[in-house]
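Novice: For the sequence shown, the tail end lands on 714 under numbering that gives the first Met the number 0, and the numbers increase by one without skipping.
This is the structure I want to talk about, given as C-alpha cells.
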Amino acid sequence: MTRMLYRLGGAAAAHPWRTLAIWLVVAALATGLAGAAGGTPQDDWNVPGTASQAGTDLLREEFPAASGAVDRVVVHDPDGDAVATEEVAGLSERLADLPHVLEVFPPRVSEDGATVLIEVRYDVPVTDAAIFGDLAPLEDAAAPAVDAGLQVAFGGEVPDSAGLAPGGAGEVIGVVVALLLLVLTFGSVVAAGLPILVALLGLGVGSAGVLLLAAVIDVSTSAPTVATMVALGVGIDYALLLVTRHVEGLRAGLSVREAAARSTATAGRSVVFAGSTVLVSLMGLGLAGLQTYATFGLATAIGVISVMAAALTVVPAVLGLAGPRVLPRKVRRHAETTSGTPLAARWAGRVGRSPLPWALGALLLLLALAAPVTDLRLWPADVSAQPVESTTRQAHDLIADAFGPGANGPFLVAVDLDAVPADRLADLRADLAAVPGVAGVGEPVVSPTGGAAVLVLEPTTEPADEATTELLAHLRADVLPDGVHVTGQTPVLADITDLLDERLWVVIAFVVGVSVLLLTLAFRSPVVALKAAVMNLLSIGAAYGVMVAVFSWGWGRELFGLDQTVPISSWVPILMFAVAFGLSMDYEVFLLGRVREEWRRTGDPHASVVAGLASTGRLITAAAAIMVAVFLGFATEGDLILKQVGAGLAVAILVDATVVRMVLVPATMALLGRWNWWLPGWLDRLLPHLDVEPPAPAAIDDVTPSDLPEPVGAR
Numbered sequence: 000m001t002r003m004l005y006r007l008g009g010a011a012a013a014h015p016w017r018t019l020a021i022w023l024v025v026a027a028l029a030t031g032l033a034g035a036a037g038g039t040p041q042d043d044w045n046v047p048g049t050a051s052q053a054g055t056d057l058l059r060e061e062f063p064a065a066s067g068a069v070d071r072v073v074v075h076d077p078d079g080d081a082v083a084t085e086e087v088a089g090l091s092e093r094l095a096d097l098p099h100v101l102e103v104f105p106p107r108v109s110e111d112g113a114t115v116l117i118e119v120r121y122d123v124p125v126t127d128a129a130i131f132g133d134l135a136p137l138e139d140a141a142a143p144a145v146d147a148g149l150q151v152a153f154g155g156e157v158p159d160s161a162g163l164a165p166g167g168a169g170e171v172i173g174v175v176v177a178l179l180l181l182v183l184t185f186g187s188v189v190a191a192g193l194p195i196l197v198a199l200l201g202l203g204v205g206s207a208g209v210l211l212l213a214a215v216i217d218v219s220t221s222a223p224t225v226a227t228m229v230a231l232g233v234g235i236d237y238a239l240l241l242v243t244r245h246v247e248g249l250r251a252g253l254s255v256r257e258a259a260a261r262s263t264a265t266a267g268r269s270v271v272f273a274g275s276t277v278l279v280s281l282m283g284l285g286l287a288g289l290q291t292y293a294t295f296g297l298a299t300a301i302g303v304i305s306v307m308a309a310a311l312t313v314v315p316a317v318l319g320l321a322g323p324r325v326l327p328r329k330v331r332r333h334a335e336t337t338s339g340t341p342l343a344a345r346w347a348g349r350v351g352r353s354p355l356p357w358a359l360g361a362l363l364l365l366l367a368l369a370a371p372v373t374d375l376r377l378w379p380a381d382v383s384a385q386p387v388e389s390t391t392r393q394a395h396d397l398i399a400d401a402f403g404p405g406a407n408g409p410f411l412v413a414v415d416l417d418a419v420p421a422d423r424l425a426d427l428r429a430d431l432a433a434v435p436g437v438a439g440v441g442e443p444v445v446s447p448t449g450g451a452a453v454l455v456l457e458p459t460t461e462p463a464d465e466a467t468t469e470l471l472a473h474l475r476a477d478v479l480p481d482g483v484h485v486t487g488q489t490p491v492l493a494d495i496t497d498l499l500d501e502r503l504w505v506v507i508a509f510v511v512g513v514s515v516l517l518l519t520l521a522f523r524s525p526v527v528a529l530k531a532a533v534m535n536l537l538s539i540g541a542a543y544g545v546m547v548a549v550f551s552w553g554w555g556r557e558l559f560g561l562d563q564t565v566p567i568s569s570w571v572p573i574l575m576f577a578v579a580f581g582l583s584m585d586y587e588v589f590l591l592g593r594v595r596e597e598w599r600r601t602g603d604p605h606a607s608v609v610a611g612l613a614s615t616g617r618l619i620t621a622a623a624a625i626m627v628a629v630f631l632g633f634a635t636e637g638d639l640i641l642k643q644v645g646a647g648l649a650v651a652i653l654v655d656a657t658v659v660r661m662v663l664v665p666a667t668m669a670l671l672g673r674w675n676w677w678l679p680g681w682l683d684r685l686l687p688h689l690d691v692e693p694p695a696p697a698a699i700d701d702v703t704p705s706d707l708p709e710p711v712g713a714r
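Written out as C-alpha cells, the structure reads:
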C-alpha cells in the first residue's frame, strides 16, 4: 500500500490541475445526479418486535384512514378571556380546506375557555414530501386568528418536521474557528486553507452521496447533519496530518514533489487506517436494532470515505501547486529550521520521569468526570426541551397548562376484538380509568370492520417524566389482558429507549473488539491495542458524565440555550460512542505510528515515546482543537440531539487529546517499557504485516524520484 500511496501522491503533485479537474468533474456529476435522482431524508420509526409496534400494526390494519400525520393547533387568548366561537369555527374551516387534510376534529376547550385545541389529520404520513417540513399552510390558515389578537401555536408531526433542519450556523462557526487555528498552527494562510478546502470538497461529494442513498432506503432526517459534522472534522484532521508531514519534508530539504509523495506514503497510511477504524465504529451502529441508526452509520461513512479520498489526492495536488509557500514566510526567506526541544517532547519527558503519579492522577480525573454517569437517565428528545420561542414548545406548554401535562403524550390503547369482545370495552375503560396515574380515558372507537377498537388514555404526567414510563410498564404487566396493546408516540419512544439500552452493550462489544483487532494488526502489539481501547472507553465515559452534569443536572445548561434540565436523549449514547471511539482511534494511530517508527529505529522504549509525542503533539493538539470547535459549533443548533451529540463529542475529543494522549499514553508506556511491544511468537506468525507508518525509504525502495515528472510550481 505504501508504494501505491507514494505513486498516488507524487502523481497528484506532478499533475495538480489534472487532479483538481477530475475532482471538480466528480463533484459536479455527484451533485447533478443527486439533484436528478436523489431522495429526501425521512425517518422510519417502525420497531419490529416491540409491544408498541404490535398495537401500531393493528391500528394501521383496522383504521387505515388513521395512518396519516396528525397536527395539533392550539388557540389561546393572552388576556385569559374565552376564545370566541366564531374564531374557532372559522379556523377549523380554513384548516379543513388545506391540501391533504382528511379530517378536522371537534375542538377541545379548556375549563376557562381561554385555550382551544384543534386536531388535524392528514391523508398522508408526515414523511410525504407534500407536507414534510411545510408549516406555511398552517400559518396561513391561522393568520386571521392571529390578526384578531389570539395566540396560535402548532404541535404535532408536521411542525416537528419543520423544526428538524439545522440553521447552518454550526458549520460556519466551526469552519471559521478551524481556519484561525490552522493559521496559528502553520503560520501560512496557504497551508491553513488547504485542510478546509479538502474537507469542504469531500463534504460536497459526500452530501450528494447521502441524497443518493436516501433514494434507495429511508435515511434519518438527522443523519445528513451528523454526517456533515463528523466528515468536516475528520476531513480537516486528515488533511492536517498530510500537510504537517509535507512541511516536515520541506524543512528537511526534500523537493516539493518528493515531500508530497512521502507525506502521502507515510501519513497517508495513517489516514487510511484511521479512517478504517472510524468506518468500523460507524458500521457498529447497524447493531442497534433500528433502521434509523443504520442510516446514521451509512450516511456518515459516505462522508468519511469522501473526505479520505479528497485528502489523499487533493492535498498533494494543491501542495504541488503551492510549492514552498506552505512554509511560513520567514522560513522561506532565511531557510530557518526550528530549534530547541518541542514543548510536547519536554512534557513527555517530564511525565516519563515520574509515570506512576501522573497515570494515577489522570485516571482519578477521568473517573471523577465519569462519576455522574451513575445518574444517567435516557429519554428521546421531545418538544419540552426545545427553545421557548419555538411554536412546538409553545403549543406543548399551552396544552399542559390548559389540559394537564399528560395531554401532550396520550396513549393509544389498541384492542383486538377477536381477543376481547366488544361488550367488554366499557369494563376495560373503567379499569383503565381507575389506575393511579391515569387522568382520563376516552370513549372506545370501533373500526369500520369491527375487528378492533381504540381508546385514548391520558396520563397525569409529562411524556418525559419517569412516572409516565412506570405507568406504561404497570399497564402492560398488570392491567391489560391479552389482545390489548398500548401504542402512541410516548409508548413507542419508551420501547425504543429500552431497545437502545439493551443494544448499547452489543455495539460497544463489536466496536471495541474489532478496533482492538485492527490495532493489533497495525502495531503488532496486543498490549498497545488493549490499552488504547481502555483509554478510549475512559474518555468516552468522562464525556457521558459531563453530559449528565450539564443537561440533566443543569450545570451550565444556559450555555446551550436550555431553560430547564432534560434527560440525555436515548439516541445519543450509541451514536456518540461509535463516532467518538472511531475519532479517538484517529489520534491513537497518529501518535503510535510515530512512536513505533522510533521504536523500530532505536529500540529505546522511553526515547521513542518522547520522540513520537514531540513529532505529533502539536498536530494532535491542533487537530483536537479544530474538532472541538467544529463540534461545539453544531452544539449551538436548536435541535436537542445535535446539542448533546456536539457537546458530548467535543468533551470526548478534548479529554482524549489532553488527559489521555498527553498524560496517560506517555505515563503508561513509560511504566510498561519494552512490554508495550510484546508479541507472542505464535501470534507474530499469524498476523500479517500492516505497519501504519513505516520509514518512508524502506517502504518505497523500488520507486525513485526520477520516476515522476516535476510538479507545477515546485521551483
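Backbone N, C-alpha and C fix where the C-beta goes; we use that ideal spot for every residue, glycine too.
Check the C-beta distance from M575 over to V644 and give it rounded, since I have them as a contact under 8 Å.
Specialist: As a first step, residue 575 must be located in the sequence shown, where it is residue number 576. As a first step, residue 644 must be located in the sequence shown, where it is residue number 645. About 6 Å separates the two Cβ atoms, so the contact holds.
Novice: Would you be able to state if there are at least three C-beta pairs under 8 Å between the segment 466-477 and the segment 439-454?
Specialist: Counting Cβ pairs under 8 Å, fewer than three are found: no touch.
Novice: Using the Cα positions of D146 and E388, report the straight-line distance between them to the nearest angstrom.
Specialist: The residue you call residue 146 lines up with position 147 of the sequence shown. The residue you call residue 388 lines up with position 389 of the sequence shown. Going by the C-alpha atoms only, they are around 19 Å apart.
Novice: Is it the case that the segment 457-471 contacts the segment 402-409, given that we only count it when at least three CB pairs across the two stretches are under 8 Å?
Specialist: Touching, per the Cβ criterion.
Novice: By alpha-carbon positions, which one of R107, R120 and V87 ends up nearest to L101?
Specialist: Working through the sequence shown from its first residue, we reach residue 101 at position 102. Looking at the Cα atoms, R120 is the closest of the given residues.
Novice: Within the present structure, is the beta-carbon of V314 separated from the nearest heavy atom of the ligand SAH by less than 8 Å?
Specialist: As for the ligand SAH, it is missing from this structure, which has no ligand bound.
Novice: Using three-state DSSP, classify V588 as helix, strand or coil.
Specialist: Here residue 588 is taken as the residue at index 589 of the sequence shown, counted from 1. Residue state, collapsed to three classes: helix.
Novice: Could you work out which residue in G544, L178, V255 and T294 is closest to A628 when comparing CA atoms only?
Specialist: Taking the sequence shown and counting its residues from 1, the one referred to as residue 628 is at position 629. Among G544, L178, V255 and T294, the Cα nearest to that of A628 belongs to L178.
Novice: What are the start and end residues of each continuous alpha helix (DSSP H) run of 4 or more residues lying completely inside the segment 350-410, in chain order?
Specialist: Listed in chain order, the complete alpha helix (DSSP H) runs (minimum 4 residues) inside the segment 350-410 are 354-369 and 390-402.
Novice: For the structure I just gave you, are there three or more beta carbon pairs, one from the segment 658-666 and one from the segment 275-289, closer than 8 Å?
Specialist: With the cut-off at 8 Å, the segment 658-666 and the segment 275-289 do not touch.
Novice: Below 7 Å CB to CB, which residues in the same chain sit around G544 once its five sequence neighbours on both sides are set aside?
Specialist: Taking the sequence shown and counting its residues from 1, the one referred to as residue 544 is at position 545. Excluding positions up to five away in sequence, the list reads L368, A369, A370, P371 and V372.
Novice: Tell me where the alpha helix (DSSP H) around A624 begins and ends.
Specialist: Counting from one through the sequence shown, the residue named residue 624 turns up at place 625. That run of the alpha helix (DSSP H) goes P604 to F633.
Novice: Nearest by alpha-carbon distance to A566: which of A343, A384, G540 and P136 is it?
Specialist: As a working note, residue 566 is residue 567 in the sequence shown. Residue identity differs from the one stated: residue 566 is Pro in this sequence, not Ala. Considering only alpha carbons, the answer is A384.
Novice: Provide the residue(s) that pair with Q150 in DSSP beta bridges, ordered along the chain.
Specialist: On the sequence shown, position 151 is the one that residue 150 refers to. Per DSSP, H75.
Novice: Report back the beta-carbon spacing between V527 and N675 to the nearest angstrom; my notes put them in contact at under 8 Å.
Specialist: Here residue 527 corresponds to residue number 528 of the sequence shown, with the count starting at 1. Here residue 675 corresponds to residue number 676 of the sequence shown, with the count starting at 1. Confirmed, Cβ separation roughly 6 Å.
Novice: So, for L7: in the same chain, excluding its five sequence neighbours on each side, which residues have a beta-carbon less than 8 Å away from its beta-carbon?
Specialist: Position 8 of the sequence shown, counted from the first residue, corresponds to residue 7. Same-chain partners within the cutoff: T263, G267, L311, T312 and P315.
Novice: Of all the options V412, R673 and H75, which has the alpha carbon lying nearest to the alpha carbon of V489?
Specialist: Indexing the sequence shown from 1 puts residue 489 at position 490. Checking the sequence, you will find Thr at residue 489 rather than Val. The residue with the shortest Cα to Cα distance from T489 is V412.
Novice: Have a look at the DSSP bridge pairing and note the partners of P458.
Specialist: In the sequence shown, the residue the question calls residue 458 occupies position 459. According to DSSP, which records beta bridges pairwise, P458 is partnered with V437.
Novice: Could you round the C-beta distance between V171 and V115 to whole angstroms and report it? I think they count as a contact, below 8 Å.
Specialist: Here residue 171 is taken as the residue at index 172 of the sequence shown, counted from 1. Here residue 115 is taken as the residue at index 116 of the sequence shown, counted from 1. The pair is not a contact, with the Cβ atoms about 41 Å apart (cut-off 8 Å).
Novice: Taking the Cβ atom as the reference point for each residue, do A343 and T620 lie within a distance shorter than 9 Å?
Specialist: For the purposes of this step, residue 343 is taken as residue 344 along the sequence shown, with counting starting at 1. For the purposes of this step, residue 620 is taken as residue 621 along the sequence shown, with counting starting at 1. The answer is yes: Cβ separation under 9 Å.
Novice: Find out if the Cβ-Cβ distance for the pair V515, L536 is shorter than 9 Å.
Specialist: Locating residue 515 in the sequence shown gives position 516, where the first residue counts as 1. Locating residue 536 in the sequence shown gives position 537, where the first residue counts as 1. No, these two residues do not count as a Cβ contact at 9 Å.
Novice: Between the beta-carbon of V225 and the beta-carbon of A300, is there less than 9 Å?
Specialist: Locating residue 225 in the sequence shown gives position 226, where the first residue counts as 1. Locating residue 300 in the sequence shown gives position 301, where the first residue counts as 1. No, the Cβ-Cβ distance between V225 and A300 is not below 9 Å.
Novice: V483 lies in the beta strand (DSSP E); which residues open and close that run?
Specialist: Sequence index remark: in the sequence shown, residue 483 carries index 484 (1-based). First-last of the beta strand (DSSP E) with V483: V483 to T486.
Novice: Drop a sphere of 10 angstroms on the beta-carbon of A287, count the other beta-carbons inside from all chains shown, and report buried for 16 or more, exposed for fewer.
Specialist: The sequence position of residue 287 within the sequence shown is 288, counting from 1. Buried, by the Cβ-count rule.
Novice: Which residues in the same chain have their Cβ closer than 7 Å to the Cβ of N45, if we skip the five residues on either side of it in sequence?
Specialist: As a position in the sequence shown, residue 45 is number 46, starting the count at 1. Q52.
Novice: Taking C-beta to C-beta, are L715 and S538 nearer than 9 Å?
Specialist: The question about residue 715 has no answer here: the residues shown for the chain are numbered 0 through 714.
Novice: What alpha helix (DSSP H) runs, 4 residues minimum, are completely inside the segment 663-690?
Specialist: Complete alpha helix (DSSP H) runs here, min 4: 664-671 and 680-685.
Novice: Measuring alpha carbon to alpha carbon, tell me which residue in R349, L231, T390 and T486 is nearest V157.
Specialist: Taking the sequence shown and counting its residues from 1, one reaches residue 157 at position 158. When only C-alpha atoms are compared, the closest one is T390.
Novice: Less than 9 Å separating the beta-carbons of V306 and G205?
Specialist: Along the sequence shown, one-based indexing puts residue 306 at 307. Along the sequence shown, one-based indexing puts residue 205 at 206. Closer than 9 Å, so yes.
Novice: DSSP three-state call for R523: helix, strand or coil?
Specialist: Position 524 of the sequence shown, counted from the first residue, corresponds to residue 523. Three-state result, R523: coil.
Novice: To which residues of the same chain is A26 closer than 6 Å at the C-beta, ignoring the five residues directly before and after it?
Specialist: Counting from 1 along the sequence shown, the entry for residue 26 is found at position 27. These residues qualify, in order along the chain: G203 and V204.
Novice: How many angstroms separate the CA atom of L724 from the CA atom of I640?
Specialist: Lying before the first or after the last residue shown, residue 724 is absent from the chain, which here runs from 0 to 714.
Novice: Kindly identify the DSSP beta-bridge partner or partners of L179.
Specialist: On the sequence shown, position 180 is the one that residue 179 refers to. Looking at the DSSP assignment, L179 forms no beta bridge with any residue, so it has no partner.
Novice: Assess contact between the segment 483-498 and the segment 241-261, defined as three or more Cβ pairs (one per stretch) separated by less than 8 Å. Is contact present?
Specialist: Short answer: they don't touch.
Novice: From A623 to V571, what distance separates their C-alpha atoms?
Specialist: Numbered from its first residue, the sequence shown carries residue 623 at position 624. Numbered from its first residue, the sequence shown carries residue 571 at position 572. Spanning the two alpha carbons is a distance of roughly 21 Å.
Novice: Determine the closest residue to F104 out of E118, V609 and P15, with distance taken between C-alpha atoms.
Specialist: Against the sequence shown, residue 104 aligns to sequence position 105. For F104, the nearest C-alpha among the options comes from E118.
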